[in-house]
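Right, one structure below, let's go through it.
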Amino acid sequence: MRRAFARFVASAAFVQLSGGLVEAMGQRMDAAKPLPEGLVLRTGDGFLYAFLEDPDQVSIDTIRRVLEAGDGTPAHLVVLTPGHLPLAIIAEVQQRSGTLVEGARFAELARQLGLESMLGQEPRPPAASRPRLLPSAQLLDAAMDRARSWLEWGVPALALRFYRQAAELKPGFLPAKIGIGRSLLGLGLADDADRIFSEVLAQRPGDLDARLGKAAVLGARAKPKEEIELYRALLAEDDARVEVRAHLVAALVELGDWSAARVEVEAMLAATPEDPQLRFLHSATLTRTGESGTADREREEARRLGLTHERETALCLHLGLPPPPGPGTEASVSAVRRAPRRAAPTRAPRGRTAPRSTPRTARTARRTRHREAKPRPPARKRK
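Residue numbers for the sequence shown follow numbering that gives the first Met the number 0, beginning at 0 and rising by one.
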């Protein structure tokens with residue numbers, strides 16, 4: 000298949016990488032079409048993958064031509080590029096309910112599939128496998144790990160691909176099937192997700208994950224109160240179900256009932272006070288209920304406990320909060336503290352890490368104190 004791509008307009012190396020990614024994901028390709036900016040592939044499960052080599056050459060017209068590259072059948076758009084697209088192009092992709100995999104995420108996908116050498120990177124050392132595990136079981140574990148990672152990173156299109164790959168490796172594997180349902184839900188395909196969860200419950204009526212999925216389907220169908228009632232019914236069966244309470248918090252946040260969400264988050268924190276994500280959620284509920292000072296301290300505590308910048312950004316996106324300033328920007332912690340008193344922070348550089356720098360306000364205060372400490376010359380008398 001890769002030799003057939005050689006006639007395409009994009010560079011040979013990028014075309015080879017695109018074909019390798021599709022093959023490694025186990026995709027069944029229905030059609031391929033070259034564009035001046037890259038390559039468009041339509042797969043058998045209704046996805047349209049657009050591999051765009053140089054983001055500087057991509058325009059809004061490119062995205063339109065990508066969608067026209069199919070046969071007119073509605074498809075889920077996934078745009079993949081090794082660089083970073085302009086904000087206007089990102090907005091266009093999102094407006095069309097597309098998925099974007101760019102920059103570091105693109106490189107991570109290639110590394111996960113063992114194609115990092117095509118990016119000019121050193122091969123990643125093989126992961127330690129569990130002893131006495133059959134090769135087929137190792138492949139299943141790898142597919143599930145990839146699927147969970149992409150779903151956690153908020154890219155359900157790729158999570159769905161890997162969950163389906165796991166289901167093909169082990170037909171009837173319920174965790175993979177539930178993952179497929181969650182991914183479909185993340186793509187806005189509530190009816191398809193509902194059917195998957197119903198199939199799981201037909202096999203295992205008490206499956207908690209499938210029951211949670213059915214509740215989430217109600218939320219996707221704009222029935223948040225029914226969704227919340229179902230979560231509360233599950234908690235009435237077992238009050239110690241932390242994952243149920245987490246879904247309840249998400250539903251309350253979606254409904255805008257931040258006071259009730261705060262009560263549930265604090266109940267969860269009482270059992271696991273060292274959980275960084277819970278600390279962040281507590282910070283969000285405190286912000287929304289008018290306790291910004293305490294909220295800032297909670298967010299800093301969440302970071303101290305291990306909340307990564309990437310995960311914090313994803314949580315902010317889900318909760319409708321301003322994104323945190325990047326690790327490479329000045330005063331990452333203080334900027335969050337100042338955020339409620341000014342406009343949302345500008346988008347931070349991606350993929351950079353740096354130690355926390357001294358807040359600008361502190362440096363300004365030190366310079367002021369230094370100037371005040373200097374003896375001033377006596378004032379000259381007027382003649």
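Idealized CB from N, CA, C, for every residue including glycine.
Note that the structure is a prediction, hence the values are computed from the model and not measured.
> Is the Cβ-Cβ distance between A260 and R278 less than 8 Å?
Replying inline: Residue numbering aside, residue 260 sits at position 261 when the sequence shown is read from its first letter. Residue numbering aside, residue 278 sits at position 279 when the sequence shown is read from its first letter. Contact: no.
> Would a C-beta distance cut-off of 8 Å place R298 and S282 closer than the cut-off?
Replying inline: The residue you call residue 298 lines up with position 299 of the sequence shown. The residue you call residue 282 lines up with position 283 of the sequence shown. For R298 and S282, yes; Cβs fall inside 8 Å.
> Within this structure, are the beta carbons of Y383 and A209 separated by less than 8 Å?
Replying inline: With the chain represented from 0 up to 382, any question about residue 383 goes unanswered, as that position is not in the structure.
> Hey, L244 and A266 are a contact pair by Cβ (cut 8 Å); roughly how many whole angstroms apart?
Replying inline: Mapped onto the sequence shown, residue 244 falls at position 245. Mapped onto the sequence shown, residue 266 falls at position 267. Going by the sequence as given, residue 244 is Arg instead of Leu. Contact flag correct, Cβ pair sits at about 7 Å.
> Do you know offhand how far A175's Cα is from D140's?
Replying inline: Taking the first residue of the sequence shown as 1, we reach residue 175 at position 176. Taking the first residue of the sequence shown as 1, we reach residue 140 at position 141. A175 and D140: Cα-Cα distance of roughly 11 Å.
>> Between the region 56-64 and the region 29-41, can you find at least three pairs of beta-carbon atoms closer than 8 Å?
In response: By the C-beta criterion, the region 29-41 is judged to be in contact with the region 56-64, since at least 3 inter-stretch pairs fall below 8 Å.
> Given that a residue counts as buried once 16 or more other Cβ atoms are within 10 Å of its Cβ, and exposed if not, what is Q26?
Replying inline: As a working note, residue 26 is residue 27 in the sequence shown. Burial call: buried.
> Do L108 and G20 come within 8 Å of each other at the CB atom, strictly closer than that value?
Replying inline: Locating residue 20 in the sequence shown gives position 21, counting from the first residue. Locating residue 108 in the sequence shown gives position 109, counting from the first residue. The question names Gly, yet the displayed sequence has Leu at residue 20. Taking 8 Å as the cut-off, the beta carbon of L20 is found closer than this to the beta carbon of L108.
>> Quick check on the DSSP output: the alpha helix (DSSP H) that includes T312 runs from which residue to which?
In response: Taking the sequence shown and counting its residues from 1, the one referred to as residue 312 is at position 313. Bounds of the alpha helix (DSSP H) holding T312 are 308-318.
> For I59, which residues from the same chain have a beta carbon less than 8 Å from its beta carbon, with the 5 sequence-adjacent residues on both sides left out?
Replying inline: Position 60 of the sequence shown, counting from 1, holds the residue named residue 59. If we look at I59 and ignore the five residues flanking it on each side, its Cβ neighbours are A87, I88, E91.
> Is it the case that the Cβ atoms of G305 and P272 are separated by a distance below 8 Å?
Replying inline: Locating residue 305 in the sequence shown gives position 306, where the first residue counts as 1. Locating residue 272 in the sequence shown gives position 273, where the first residue counts as 1. No. Outside cutoff.
> Which residues in the same chain as E236 place their Cβ atom closer than 6 Å to its Cβ, once the five residues preceding and following it in sequence are excluded?
Replying inline: Start at 1 with the first residue of the sequence shown, and residue 236 comes out as number 237. Hits under 6 Å: none found.
>> What does DSSP give as the partner residue(s) for M267 in the beta ladder?
In response: As a first step, residue 267 must be located in the sequence shown, where it is residue number 268. Beta-bridge pairing by DSSP links M267 to no other residue.
> Would you call the CB atoms of P323 and T307 closer than 8 Å?
Replying inline: Within the sequence shown, numbered from 1, the residue matching residue 323 stands at position 324. Within the sequence shown, numbered from 1, the residue matching residue 307 stands at position 308. No; because the gap between Cβ atoms is not below 8 Å, this pair is not in contact.
> With respect to the alpha helix (DSSP H) encompassing K213, which residues constitute its N-terminal and C-terminal limits?
Replying inline: Counting from one through the sequence shown, the residue named residue 213 turns up at place 214. Run containing K213: 207-219, per the alpha helix (DSSP H) assignment.
> F13 by DSSP, collapsed to three states: which one?
Replying inline: Numbered from its first residue, the sequence shown carries residue 13 at position 14. DSSP places F13 in helix when its eight states are reduced to three.
> Could you give the C-beta distance for L173 and Q202, rounded to a whole number, given that I count them as a contact under 8 Å?
Replying inline: On the sequence shown, position 174 is the one that residue 173 refers to. On the sequence shown, position 203 is the one that residue 202 refers to. Contact between L173 and Q202 holds, with the beta-carbon distance rounding to 7 Å and staying under 8 Å.
> Using a Cβ-Cβ cut-off of 8 Å (strictly less than) and excluding sequence neighbours within five positions of L200, which residues of its own chain qualify?
Replying inline: Taking the sequence shown and counting its residues from 1, the one referred to as residue 200 is at position 201. Closer than 8 Å at Cβ, skipping near neighbours: D206, A209, R210, K213.
> Smallest Cα separation from S182: which of D190, E198, P155?
Replying inline: Against the sequence shown, residue 182 aligns to sequence position 183. The option with the nearest alpha carbon to S182 is P155.
>> Tell me which residue opens and which closes the beta strand (DSSP E) that D41 is part of.
In response: Within the sequence shown, numbered from 1, the residue matching residue 41 stands at position 42. The question names Asp, but residue 41 in the sequence shown is Arg. From DSSP, the beta strand (DSSP E) with R41 extends over 37-42.
> What distance in whole Å lies between the Cβ atoms of G18 and D53, which are believed to be in contact at a cut-off of 8 Å?
Replying inline: By 1-based counting over the sequence shown, the position of residue 53 is 54. By 1-based counting over the sequence shown, the position of residue 18 is 19. Between G18 and D53 the Cβ distance is about 18 Å, and since that is not below 8 Å, they are no contact.
> Taking C-alpha atoms, which residue in E253, G43, S135 lies nearest to K222?
Replying inline: Within the sequence shown, numbered from 1, the residue matching residue 222 stands at position 223. Selected option, being the one with the closest Cα: E253.
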